[in-house]
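Residue numbers (our numbering): 24 to 114.
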């Protein structure tokens, strides 16, 4: 599963239908069946496996990717915190 923000990065996403774009998929020959289901960023994506995760069935109920995930990963929890991502420079 993925969210609309991540799906849009593929350039295969239709913003009007909020789904994969069948016309583009047809032109380049990608079957829709191999692409992940597009869901809202907040919702039940699935559950942890009790046999694999400390005997707990915990809902996975959100998708945080790209910039928002980077803020969390770089511990930007306080007001005014910033992050800076730089593209590599090839000389």
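Ideal Cβ positions, reconstructed from N, Cα and C, are used throughout, including at glycine.
* So is the beta-carbon of residue 62 under 6 Å away from any non-hydrogen atom of the ligand NAP? -> The ligand NAP is absent from the structure shown, which contains no ligand whatsoever.
* Asked: Run through DSSP, which three-state label would residue 27 get?
  -> DSSP places residue 27 in the helix class (H, G or I) of the three-state scheme.
* Identified DSSP bridge partners for residue 82 -> Beta bridge pairing from DSSP links residue 82 with 70.
* When you compare only the Cα positions, how much space is there between residue 88 and residue 103? -> Those two C-alpha atoms are separated by around 20 Å.
* Whole-angstrom C-beta distance between residue 33 and residue 59, which should lie under 8 Å -> Residue 59 to residue 33, Cβ: 10 Å. No contact.
* Would you mind giving the Cβ-Cβ distance between residue 47 and residue 35, rounded to the nearest angstrom? I have them listed as a contact below 8 Å. => Yes, they are in contact, since the Cβ atoms of residue 47 and residue 35 sit about 6 Å apart, within 8 Å.
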